[in-house]
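To start, the structure itself, in structure tokens.
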Amino acid sequence: MNELAHELEQRKARRRTRFLAVVLGLWAAGILGQLVRLQAFQHAKMRDQVTNQSEKRAEVKADRGTIYDRRGHILAQSVSSFSISYRQEKSSPLNARMAPVLKAAPLLGIGPAELEKICRQVESGAPYIFLRRKVGPEMVRRVQEAKIRGLSYDEERRRVYPHGTLAAHVLGGVNLDETGLAGVEYRHNPALGGRPGERRVLKDGNGREYNVEIVTSPKPGQDLVLTLDHIVQYEAQSALEMAAAEHDVEWGTVIVSVPPTGEILAMASVPGYDPNAYTSAKDEQRIDRSIRHLFDPGSTFKIVTAATVIETGVVVPGESFNCAANAIQVAGGQIRDHEAFGVLTFADVIAHSSNIGTIQAARRLEPDLFYRAIRDFGFGERTGIELPAEAAGLLNPPEKWSGRSLDSLSVGYEINVTAVQLLQALNIIANRGERVGLNLLKSVGGRPRPAEPSSPAPTLVSPAAAESLVRILVRAVEEGTGTGARLPGYSVAGKTGTAQLFDRSAGRYTSAKHLAVFAGFVPADRPALSILVVFCDPKKKDVYYGGQVAAPVFRDIALKVLRYLGVHPGTARPATGVTARLQNEAQR
Amino acid sequence: MVHKKYSRRQLLMAAGASLVVMAVLTFYLWHLTENVRLGYAMGMSENERQKLEKDILNLKSARESLATPGRVEKIARELLGLADLRDDQVAYEKAK
């Protein structure tokens, strides 16, 4: 009996064991099948899913290069800054969600209008709201001390222009992503911006980062060294701004260069702007008048006419011209002088800026020859200065000239030029006939610019003809229309210009609005500086001539800059030279 | 039960070997923890270095904006009472 019971128990146990083995076998087979399915058949899909959940690839921004002046002073630099944002928990009641924003607002300087906008975003349930972008570490510290929940601080870069409005048009500006929008920031954006890298971030199941790996290192942007000198720039810009305010001009520009090298030491325009807030500047403030604004050069263009007639030998400086008549007949009208002259030598014609004498001299030129000379001086084409959006100017070929074009051109009408073109033409005379290109860039990433030594400068005017013209230009400052530019102890060569502005609505030149120009260099014998000053529409009553408005600005700038460069009366070259060295790293 | 009797020398050798093993293990563990500790310290130092480099950049920028010619001129004129030379004045400068 006992044996039978025992046999039954054993059978039962075996059955149970077999059943359990089958169940376990099925379970294992199921797992194995699933493993095979996931690992073999869905491997690629699963791998992508896991990678997406746990790994993130992100761009590592390269540090933007710094822009220095010729003496190693920082003109533009990228520094670290922070974006402060608010991440709200949607499940919380509105009051609780609003509280951190209301607490942070006064610390972040958020005004009522802006706060209302942010509150509307909170109400709409936006998960991520920017409260402030590009703020400094001090503000972040202040907000962090307040221990406000839900705020996050993301580090980013901010472009800083420590000198504010100084050289704004040359530097340009960048947007929030540090992409150049104007000036050298735009022109040299690829070099300044560098190349971004890539990083791989591993996240845990809760989305927290636990490992960051740099896959590709970013290549930092290259530093630029400009030919500008921040002291010269300051003196030129201050003088320009003061005169612009005094004469209530529409716009103005000044350029200071070193004729033998073509290096630009200063370049400024009014109205100006602060590149630290480029995007909030008005359009008219952003225009770089020195390279983009076209104007009739007026009598300053007589430098080109005089150089051509002297070079071709059709006129000698001592030759006399009858300028006693009130006006000279030209096709379709008359051209007048600003005052009645008698008989003038050609030197006096230029020194006293007689239109009648200049036209008489220019009429001895063949139109083709005069046109070629104007082109040789660089008009009608870009100078190639390292700035974007330079205008080429307007110069019609002789076949499009009217009966009065040669007359008009000889006194600076029927041609549109930029300030840099005019300065380049002046530098040809200052360099005794050699054309040296203007440049703004000393080096990029430590490599000097231009990269290759340029071929010898072409000679456009013979040294003898240029020298004759220099003597005439010295006379223009000593006893002619440019006496406002006289500097005690220095020999200044220069030419004034006063052009009537073209009234587009009336379709003719108006005598109510003028352009006042002065172009000159100093010392006349061995020029250390050339300066061009242009003002559009000075509104002070009866004060609108180039000699009255622009020449004094030339004098103010030249006096201070010559002293700064160590060019004292009686010395021809800067005592210390104008160096291009960067300061020592430790001194920066 | 019969216990095998070990000699004093054998016991000392066993104890010594155990000590050596323990010392090696302890050194290994110390080495591991020290590596991790130094790794953290290096990471923190690296972060600190980067932060200081950024601070230096910020300070350079701040120094540049404090020494702008406009600001220097304002201080010279308003605080120190300096003025431009009159036409009849002669300034003697040290030769550079």
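From first to last, the protein sequence lines are chains A and B.
Counting in the numbering used here, the first sequence runs without a single skipped number right up to 588 at its last residue.
Counting in the numbering used here, the second sequence runs without a single skipped number right up to 684 at its last residue.
The beta carbon of each residue, even a glycine, is placed where N, CA and C say it ideally should be.
So, are the CB atoms of residue i and residue j less than 8 Å apart?
| i | j | result |
| --- | --- | --- |
| Ala76/A | Tyr161/A | yes |
| Glu552/A | Gly484/A | At residue 552/A the sequence reads Pro, which differs from the Glu that was named. Yes, Cβ-Cβ distance for Pro552/A and Gly484/A is below 8 Å. |
| His275/A | Ala168/A | It is Pro, not His, that sits at residue 275/A in the sequence shown. Against a cut-off of 8 Å, the Cβ pair of Ala168/A and Pro275/A comes out as a contact. |
| Ile590/A | Ser290/A | Because chain A is modelled from 1 through 588, residue 590/A falls outside the range shown and cannot be assessed. |
| Ile385/A | Val420/A | yes |
| Gly197/A | Gly221/A | no |
| Thr345/A | Pro317/A | yes |
| Leu515/A | Tyr509/A | no |
| Gly183/A | Gly172/A | yes |
| Val517/A | Val492/A | no |
| Val304/A | Ile374/A | yes |
| Pro259/A | Gly497/A | no |
| Glu156/A | Phe82/A | yes |
| Ile472/A | Ala362/A | no |
| Ser78/A | Arg158/A | yes |
| Val533/A | Leu487/A | no |
| Lys203/A | Lys56/A | yes |
Bridge partners of residue i, per DSSP?
| i | result |
| --- | --- |
| Cys536/A | Trp251/A, Leu515/A |
| Glu55/A | Leu202/A |
| Thr66/A | Beta-bridge pairing links Thr66/A to no other residue. |
| Met267/A | Ile255/A |
| Asn416/A | Leu394/A |
| Phe521/A | Ala493/A, Ser530/A |
| Leu626/B | Note: Leu626/B sits in no beta bridge, so no partner. |
Along the chain, where does the beta strand (DSSP E) containing residue i start, and where does it finish?
| i | result |
| --- | --- |
| Thr135/A | As written in the sequence, residue 135/A is Val, which differs from the Thr given in the question. Unbroken beta strand (DSSP E) run through Val135/A: 128-135. |
| Leu667/B | From DSSP, Leu667/B is part of no beta strand (DSSP E); its letter is neither H nor E. |
| Phe502/A | 493-503 |
| Val543/A | Note, Val543/A: premise wrong, no beta strand (DSSP E); not H, not E. |
| Gln77/A | 74-87 |
| Ala327/A | 327-330 |
| Val315/A | Run containing Val315/A: none; DSSP gives neither H nor E here. |
Where does residue i land, buried or exposed, given buried means 16+ other C-beta within 10 angstroms?
| i | result |
| --- | --- |
| Leu582/A | Interpretation of Leu582/A is limited by its pLDDT of 38, a score under 50 that renders its predicted location unreliable; the figure taken from the coordinates is listed afterwards. Leu582/A comes out buried. |
| Ser511/A | exposed |
| Glu636/B | exposed |
| Pro106/A | exposed |
| Ala425/A | buried |
| Gln598/B | exposed |
| Ile264/A | buried |
| Gln88/A | buried |
| Ile31/A | exposed |
| His352/A | buried |
| Val143/A | buried |
| Trp251/A | buried |
| Arg360/A | Looking at the sequence shown, residue 360/A is not Arg but Gln. Its Cβ being crowded by 16 or more others within 10 Å, Gln360/A is buried. |
| Glu634/B | exposed |
| Thr227/A | buried |
| Leu4/A | exposed |
| Leu224/A | buried |
| Pro112/A | exposed |
| Tyr628/B | exposed |
| Val349/A | buried |
Along chain B, in chain order, which residues have C-beta atoms closer than 9 Å to that of residue i?
| i | result |
| --- | --- |
| His163/A | Glu652, Ser653, Thr656, Pro657, Gly658 |
| His169/A | Residues of chain B passing the Cβ test: none, with the nearest at roughly 17 Å. |
Mind listing the chain A neighbours of residue i? Cutoff is C-beta to C-beta under 8 Å, in chain order.
| i | result |
| --- | --- |
| Lys595/B | The question names Lys, yet the displayed sequence has Ser at residue 595/B. Those within 8 Å of Ser595/B in chain A number zero; the least Cβ separation is about 54 Å. |
| Ser649/B | Ile74, Gln77, Val79, Val160, Pro162 |
| Lys642/B | Val79, Ser80 |
| Leu714/B | Nothing about residue 714/B can be reported from this structure: the residues present for chain B run from 589 to 684 only. |
| Leu620/B | Simply none; closest approach about 19 Å. |
| Leu626/B | What Leu626/B touches in chain A: nothing, since even the nearest Cβ is about 18 Å away. |
Which residues in chain B sit within 7 Å of residue i, going by Cβ to Cβ distance?
| i | result |
| --- | --- |
| Tyr234/A | Pro657, Gly658 |
| Ile231/A | Pro657 |
Hey, could you find the ends of the alpha helix (DSSP H) residue i is sitting in?
| i | result |
| --- | --- |
| Thr312/A | 302-312 |
| Gln548/A | 546-549 |
| Arg449/A | No alpha helix (DSSP H) holds Arg449/A; DSSP gives it neither H nor E. |
| Thr358/A | 355-362 |
| Glu590/A | A question about residue 590/A goes unanswered here, because the residues of chain A that appear run from 1 up to 588. |
| Gly30/A | 2-36 |
| Asp283/A | 283-286 |
| Ile335/A | Premise fails: Ile335/A lies in the beta strand (DSSP E), 333-336, not in any alpha helix (DSSP H). |
Can you pull the chain A residues whose beta carbon is under 9 Å from the beta carbon of residue i, in chain order?
| i | result |
| --- | --- |
| Asn635/B | By Cβ distance, chain A contributes nothing, its closest Cβ being about 12 Å from Asn635/B, past 9 Å. |
| Asn623/B | Result: empty, since nearest Cβ-Cβ is about 17 Å, beyond 9 Å. |
| Leu599/B | Those within 9 Å of Leu599/B in chain A number zero; the least Cβ separation is about 49 Å. |
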